[in-house]
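**Q** One structure, pasted below without further comment.
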Amino acid sequence: MKTAASEIISESPEQTARIGRSLGKLLEPGDVVALIGILGAGKTCLTRGVAQGIGADPETVTSPTFVLINEYEGGIPLYHFDVYRLSGADDMYALGSDEYFSGGGACLVEWADRVEECLPEEHLRVVITVSGASCRVIRLEARGERYCRLLEKLKHPGP
Ligand SMILES: Nc1ncnc2c1ncn2[C@@H]1O[C@H](COP(=O)(O)OP(=O)(O)O)[C@@H](O)[C@H]1O
Ligand SMILES: [Mg+2]
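So for the sequence shown, this note's numbering puts the first residue at 646; every next one is plus one.
If you want it as structure tokens, here you go:
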């Protein structure tokens with residue numbers, strides 16, 4: 646499988662949201678983004694940007710702590726999972742993850758490392774590390790051809 650990786654430093658929540666917005670503009674139905682990082686890393690902040698990028702209202706994005714899946718309507722549907730409270734992969738399958746991942750929208754999974762075995766082999770991994778009060782290292786890992794192309798476009802946005 647083809648892979649590629651790239652790191653971006655974010656120095657503010659706004660910058661993280663902007664990175665999310667650029668990503669959101671590139672997402673297509675069937676795309677899967679796995680978000681990994683500790684509580685407060687900025688996963689939801691990035692998701693807000695992604696929602697804006699697909700053309701949805703970023704104000705409607707909340708950490709779905711009790712609701713496990715939120716859906717936002719933009720140019721394409723965006724399914725936002727927060728699996729923090731799931732006990733593991735079995736619960737994720739029970740939610741119908743396979744159908745979501747192969748469905749008519751893009752999927753974004755917070756705490757994706759907790760349900761690793763449910764994820765399709767090919768996906769975009771976004772690992773956010775806290776490197777200061779308002780500083781984050783955002784590592785983008787493309788797994789598979791489709792996501793390598795997506796990563797290239799993210800790094801070199803066209804006109
Ligand atoms: N560079 C940054 N990027 C993202 N969030 C940041 C950054 N600097 C500070 N923050 C703060 O970190 C918190 C991230 O919260 P949130 O996105 O809900 O995290 P998570 O969903 O990973 O638990 C917010 O309070 C945000 O203001
Ligand atoms: Mg969150």
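Virtual Cβ for every residue (Gly too), placed ideally from N, Cα, C.
#1: Please determine whether the Cβ atom of aspartate 727 lies at a distance below 7 Å from any heavy atom of ligand 2.
#2: Classify aspartate 727 as helix, strand or coil using the three-state DSSP reduction.
#3: Using DSSP's beta-bridge definition, name the partner residues of threonine 774.
#4: Would the segment 755–764 count as touching the segment 730–741 if we require 3 or more Cβ pairs under 8 Å?
#5: By DSSP, does valine 754 sit in helix, in strand, or in coil?
#6: Any idea what DSSP makes of proline 722, helix, strand or coil?
#7: Pick from Leu769, His801 and Ile773: whose alpha carbon is nearest that of glutamate 673?
#8: Which partner residues does valine 678 have in the DSSP bridge list?
#9: In terms of residue numbering, what span does the alpha helix (DSSP H) encompassing isoleucine 653 cover?
#10: Considering only the beta carbon of each residue, do leucine 668 and alanine 696 sit closer than 8 Å?
#11: Measure the C-alpha to C-alpha separation of alanine 787 and arginine 693 and round it to an integer number of angstroms.
#12: For isoleucine 683, which of helix, strand or coil comes out of DSSP?
#13: Bridge partners of arginine 693, per DSSP?
#14: Please identify the residue among Glu755, Ile783 and Phe746 whose C-alpha is closest to the C-alpha of proline 765.
**A** In terms of the structure at hand:
#1: As a first step, residue 727 is located in the sequence shown; it is residue number 82 there, counting from the start. Checking the Cβ of aspartate 727 against ligand 2 gives yes.
#2: For the purposes of this step, residue 727 is identified with residue 82 of the sequence shown, where counting begins at 1. Three-state result, aspartate 727: strand.
#3: Residue mapping note: residue 774 aligns to position 129 of the sequence shown, counting from 1. Answer by DSSP bridge pairing, in chain order: Val782.
#4: Taking 8 Å as the limit for Cβ pairs, the verdict is that the segment 730–741 does touch the segment 755–764.
#5: Looking up residue 754 in the sequence shown gives position 109. Shown here, valine 754 sits in a strand according to DSSP, grouped into three states.
#6: To locate residue 722, count along the sequence shown from 1; it is residue 77. Strand, per DSSP.
#7: Taking the sequence shown and counting its residues from 1, the one referred to as residue 673 is at position 28. The candidate whose alpha carbon is nearest that of glutamate 673 is Leu769.
#8: By one-based count along the sequence shown, residue 678 stands at place 33. Valine 678 is bridged to Leu753 and Leu769.
#9: Locating residue 653 in the sequence shown gives position 8, counting from the first residue. Careful: isoleucine 653 lies outside any alpha helix (DSSP H), inside the beta strand (DSSP E) at 648–655.
#10: Against the sequence shown, residue 668 aligns to sequence position 23. Against the sequence shown, residue 696 aligns to sequence position 51. Annotated as distal: leucine 668 and alanine 696, with beta-carbon spacing of 8 Å or more.
#11: Here residue 787 corresponds to residue number 142 of the sequence shown, with the count starting at 1. Here residue 693 corresponds to residue number 48 of the sequence shown, with the count starting at 1. Alanine 787 and arginine 693: Cα-Cα distance of roughly 21 Å.
#12: For this step, residue 683 is matched to residue 38 along the sequence shown. In this structure, isoleucine 683 counts as coil in the three-state DSSP scheme.
#13: Stepping through the sequence shown from its first residue, residue 693 is reached at position 48. Answer is none; arginine 693 lacks a bridge partner.
#14: Locating residue 765 in the sequence shown gives position 120, where the first residue counts as 1. Checked all of Glu755, Ile783 and Phe746; the closest Cα to proline 765 is Phe746.
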